[in-house]
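Here the structure comes first, spelled out in structure tokens, and everything after it is commentary.
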Amino acid sequence: MGFKLTVNWQADHFEHTAPEFNRDHQIEFGSGQVIQASSAPEYKGNDEKINPEESLLAALSSCHMLTFLAIAHLKRLTVVSYQDNARAELGKNDSGKLSVTKMLLNPQVTFAEGVEVSNEVLQKIHDKAHANCFIANSINSEVSINID
Numbered sequence: 034m035g036f037k038l039t040v041n042w043q044a045d046h047f048e049h050t051a052p053e054f055n056r057d058h059q060i061e062f063g064s065g066q067v068i069q070a071s072s073a074p075e076y077k078g079n080d081e082k083i084n085p086e087e088s089l090l091a092a093l094s095s096c097h098m099l100t101f102l103a104i105a106h107l108k109r110l111t112v113v114s115y116q117d118n119a120r121a122e123l124g125k126n127d128s129g130k131l132s133v134t135k136m137l138l139n140p141q142v143t144f145a146e147g148v149e150v151s152n153e154v155l156q157k158i159h160d161k162a163h164a165n166c167f168i169a170n171s172i173n174s175e176v177s178i179n180i181d
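Note that our numbering gives residue 45 to position 12 of the sequence shown, counting from 1, and the numbers run on in steps of one.
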């Protein structure tokens, strides 16, 4: 199984003489969806567009959620809503390079009426979801999951 996308960037008309370059670009996914992206504002990007750090955090949060929902479904624990207010931090890695050093997931899960899930069971499902999330298994950053 493989995945693909296309990143498109074009220089502004007078960019070769400008002191900076435009960081805005498009990402076209294999599904045909297109998003407008840029670098983070701290790196001279456009704050109205998605940046790579947000994209990485979104991939992790989405993968964790989908894995969590699959496990809950297999356990016949009906979930009616899931919201994650995730955060990421930049810092220096062990090699002294700037990287996303920490990601914190803050999932809030609501189960169907009559479905009782203890915090212990909820934590175990999140732990299993994290252990089986393709994206979590592909990154080196510290990942924390806060269910409080």
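For glycine and all other residues, C-beta sits at the position ideal for the given N, C-alpha and C.
None of the values given here were measured: they were computed from a predicted structure.
Below 8 Å, too few C-beta pairs join the region 114 to 132 and the region 153 to 161 to call them touching: fewer than three.
Here Ala92 really is in contact with Ile168; their C-beta atoms are around 5 Å apart, less than 8 Å.
CA-to-CA, the gap between His97 and Asn55 works out to about 33 Å. For Leu107, the enclosing alpha helix (DSSP H) stretches over residues Pro85 to Leu107. The beta-carbon separation of His163 and Val176, rounded to 7 Å, stays under the 8 Å limit for a contact. Take the alpha-carbon of Leu99 and the one of Leu89: they are about 15 Å apart.
In the DSSP assignment, Asn165 falls within the alpha helix (DSSP H) that extends over Asn152 to Asn165.
Less than 9 Å separates the beta-carbon of Val133 from that of Ser174. Bridge partners of Glu61 according to DSSP: Thr39 and Val67. Pro52 counts as exposed, since fewer than 16 other C-beta atoms from the protein chains shown sit within 10 angstroms of its C-beta.
The beta carbon of Ile83 sits closer than 6 Å to those of Ile68 and Ala70, all from its chain and outside the five residues before and after it, given in chain order. The C-alpha of Val148 is placed about 40 Å away from the C-alpha of Leu38.
Taking Glu61 as reference, the option from Asn165, Val40, Leu102 and Gln141 with the minimal CA-CA separation is Val40.
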